[in-house]
Amino acid sequence: MKLSTQIKLSHRIKLPQNVLLGISIVLLSFFVLTINSAHAARIKDISSVQGVRDNQLIGYGLVVGLPGTGEKSNAFSEQSFKTMLNNFGITMPEGAKVKIKNVAPVAVSAILPAFTKPGQTIDVTVAAIGEAKSLRGGLLLQTFLKGADGQVYALAQGSLVVGGLGVEGRDGSKVIINTPTVGRISSGAIVEKEVPTPFGDGDYLTFNLHRGDFSNAKRLSDSINNLVGPNTAYPMDATSVRVLAPRDISQRVAYLATLENLELKMADESAKIIVNSRTGTIVIGQNVQLKPAAITHGGLTVTINETQEVSQPNAFANGETVVTNKSTINVTQEDARMFKLDAGATLDDLIRAVNQVGIAPGDLMSILEALKDAGALDGQLIII
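Under numbering that gives the first Met the number 0, the first residue of the sequence shown is numbered 0, with each subsequent residue one higher.
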């Protein structure tokens, strides 16, 4: 069902266009519900709003209370421990040696989502950066989390939850399950400063597609224009679509909530074949086409066996026992089977032919590369 009704911004009314957009938000919500969602994707699932992004935070801290699985005594760990004590007004005597096997220096990282306000909490991940064997049972002391600009945006502290386990015997044997040197603290950091965003600035919003495509950028702008009115949205390139939006922040939020649930039919992806040579995984896109070609595939299997033979002299001979090596080489040639692909052969034809011949993934990679070099493959062959 194609939505034919449009919300037109009348030029007869002497009101700013931003005000008219704000008035039409309620009508937009009603019309979005009538759009056919078959084989369509929502704008919020295929794009993001420019300026609305996460921010990475990083910090350096200490985990204490470890059951002897902490850092070994060295200059780096001792300096960190003394600095922590200095922060509490405790000064270590010069030349004093400390045993800090219950303490581990760690790197603390977190993701600060957009619009997170001071006082809210975020999760943190803690990872040992020295020779600590396990962080299980440890407590992270107060740690400053800084952004890329060097400013403190959150404070982290709390008990770690470690999914890994490490056990070591006196004879040097050890058993390690998962990764015991990485832990997590749920809601372990309190946000102290909000990251400013340009969401409320200017007269426009910009949608950035997760995968750049000229066809999808055009369809996204057309979907918005068909709903709101002409010249409301226009594509800037294969990734970005700029949309006129109300200046009032509350109206802008409602306006965006309506637009991001608008659905559009996505354009077909370009023909691609993805080959992972490390795992043997091959993914073939639906638009891959093959030109007429005849393929034969076979190989030689060479097996070399090494055996040792002992040459024992007679009892009355003045000889020595000699060990000699004997090599046996076997060469086996597999039957090469040929299959033919006619004009306009599709993915189904290729898979059917490959299954009949019984080709392994490694052999299929070689066939695809040969087809590409021969010009019989319409599509990109990407090897990762």
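For each residue, glycine too, the CB sits at the ideal point set by N, CA and C.
Among K100, F80, S76, E93, nearest to T68 - alpha-carbon criterion = Position 69 of the sequence shown, counted from the first residue, corresponds to residue 68. Taking only the C-alpha atoms, the option nearest T68 is K100.
message = Quick check for students: name the residue ranges of the beta strand (DSSP E) that lie wholly in the region 181 to 219, counting only runs of 3 or more.
response = 181 to 190, 203 to 208
key: Whole-angstrom distance between Q379 and Q285, CA atom to CA atom   = By 1-based counting over the sequence shown, the position of residue 285 is 286. By 1-based counting over the sequence shown, the position of residue 379 is 380. Those two C-alpha atoms are separated by around 12 angstroms.
task = Could you tell me whether the Cβ atoms of A253 and D202 are closer together than 8 angstroms?
result = The sequence position of residue 253 within the sequence shown is 254, counting from 1. The sequence position of residue 202 within the sequence shown is 203, counting from 1. No, Cβ-Cβ distance for A253 and D202 is not below 8 angstroms.
query = If we count the other Cβ atoms within 10 Å of its Cβ and call it buried at 16 or more, is S133 buried or exposed?
reply = Counted from its first residue, the sequence shown places residue 133 at position 134. Label assigned to S133: buried.
ask   = For the 8 angstroms Cβ check, are there 3 or more pairs between the region 113 to 129 and the region 83 to 94?
value = no
Of the residues I42, G149, K371, the one placed nearest T205, counting alpha carbons only = By one-based count along the sequence shown, residue 205 stands at place 206. Selected option, being the one with the closest Cα: I42.
request  = Round the Cβ separation of L219 and V240 to the nearest angstrom and send it over; I've been treating them as touching at under 8 angstroms.
outcome  = In the sequence shown, the residue the question calls residue 219 occupies position 220. In the sequence shown, the residue the question calls residue 240 occupies position 241. Sure, about 5 angstroms apart at Cβ, within 8 angstroms.
ask   = With respect to the alpha helix (DSSP H) encompassing L243, which residues constitute its N-terminal and C-terminal limits?
value = In the sequence shown, counting from the first residue as 1, residue 243 sits at position 244. No alpha helix (DSSP H) contains L243, which is instead part of the beta strand (DSSP E) from 239 to 243.
query = Between V62 and the rest of its own chain, which residues show a CB-CB distance below 6 angstroms, the 5 nearest in sequence each way excluded?
reply = In the sequence shown, counting from the first residue as 1, residue 62 sits at position 63. The residues are A103, V105, L134, G137, L139.
task = Count the other C-beta atoms from every protein chain shown that fall within 10 angstroms of the C-beta of P291, then say buried if there are 16 or more, exposed otherwise.
result = Translated into the one-based positions of the sequence shown, residue 291 becomes position 292. The residue is exposed, with fewer than 16 neighbouring Cβ atoms inside 10 Å.
ask   = Nearest to L154 by alpha carbon, out of M235, T120, A131?
value = Taking the first residue of the sequence shown as 1, we reach residue 154 at position 155. Residue T120 is the option with its Cα nearest to L154.
query = Is it true that the CB of Q141 sits closer than 8 angstroms to the CB of K192?
reply = Residue mapping note: residue 192 aligns to position 193 of the sequence shown, counting from 1. Residue mapping note: residue 141 aligns to position 142 of the sequence shown, counting from 1. No. Outside cutoff.
ask   = Under 8 angstroms between the Cβ atoms of M207 and S46?
value = Counting from 1 along the sequence shown, the entry for residue 207 is found at position 208. Counting from 1 along the sequence shown, the entry for residue 46 is found at position 47. Met is not the amino acid found at residue 207; the sequence shown has Asn there. In contact: N207 and S46 (Cβ atoms closer than 8 angstroms).
task = State the Cα-Cα distance for the pair K217 and N224, rounded to the nearest angstrom.
result = For the purposes of this step, residue 217 is identified with residue 218 of the sequence shown, where counting begins at 1. For the purposes of this step, residue 224 is identified with residue 225 of the sequence shown, where counting begins at 1. Cα to Cα, K217 sits roughly 11 angstroms from N224.
task = Out of I281, R183, G129, state which residue places its alpha-carbon closest to the alpha-carbon of N73.
result = Taking the first residue of the sequence shown as 1, we reach residue 73 at position 74. Of I281, R183, G129, the residue nearest in Cα terms is G129.
task = Enumerate in chain order the residues of its own chain whose CB-to-CB distance from G187 is below 6 angstroms, with the five nearest sequence positions on each side excluded.
result = The sequence position of residue 187 within the sequence shown is 188, counting from 1. If we look at G187 and ignore the five residues flanking it on each side, its Cβ neighbours are V123, A155, G157.
request  = Give the DSSP-derived three-state secondary structure of L2 in the structure shown.
outcome  = Within the sequence shown, the letter at position 3 stands for residue 2. Because L2 carries a pLDDT of 38, less than 50, the predicted location of this residue cannot be relied on, and no value is offered for it.
message = Could you pull the DSSP bridge partners for E268 from this structure?
response = On the sequence shown, residue 268 is found 269 positions in, with the first residue counted as 1. Note: E268 sits in no beta bridge, so no partner.
request  = Assuming A131 contacts E70 (C-beta within less than 8 angstroms), just tell me the rounded distance between them.
outcome  = As a working note, residue 131 is residue 132 in the sequence shown. As a working note, residue 70 is residue 71 in the sequence shown. Beta-carbon to beta-carbon, A131 and E70 are separated by about 5 angstroms, close enough to satisfy the 8 angstroms threshold.
task = On the DSSP bridge assignment, give the partners of N85 in chain order.
result = Along the sequence shown, one-based indexing puts residue 85 at 86. In DSSP, N85 forms no bridge with anything.
query = Can you name, in chain order, every residue of its own chain whose Cβ lies under 8 angstroms from the Cβ of L370, other than the five neighbours on each side?
reply = Position 371 of the sequence shown holds residue 370. Non-local beta-carbon contacts of L370 in its own chain, meaning distances under 8 angstroms to residues more than five positions away in sequence, involve L289, A292, I294, L376 in chain order.
ask   = By Cβ distance, which residues of its chain are closer than 8 angstroms to G361, with the 5 residues on each side in sequence left out?
value = For this step, residue 361 is matched to residue 362 along the sequence shown. Cβ within range, chain order: G279.
ask   = When you compare only the Cα positions, how much space is there between A256 and P66?
value = Counting from one through the sequence shown, the residue named residue 256 turns up at place 257. Counting from one through the sequence shown, the residue named residue 66 turns up at place 67. When rounded, the distance between both Cα atoms is 51 angstroms.
Three-state secondary structure assigned by DSSP to V227 = Position 228 of the sequence shown, counted from the start, is the residue given in the question as residue 227. Reduced to three states, the DSSP call for V227 is helix.
Closest by C-alpha distance to I248, when choosing among I57, F198, D44 = Translated into positions along the sequence shown, residue 248 becomes position 249. Looking at the Cα atoms, F198 is the closest of the given residues.
query = By Cβ distance, which residues of its chain are closer than 7 angstroms to D267, with the 5 residues on each side in sequence left out?
reply = Taking the first residue of the sequence shown as 1, we reach residue 267 at position 268. Answer for D267: N286, listed in chain order.
Pick from L367, I89, L263 that is closest to S214, judged by C-alpha positions = Working through the sequence shown from its first residue, we reach residue 214 at position 215. Measuring from the Cα of S214, the nearest candidate turns out to be L263.
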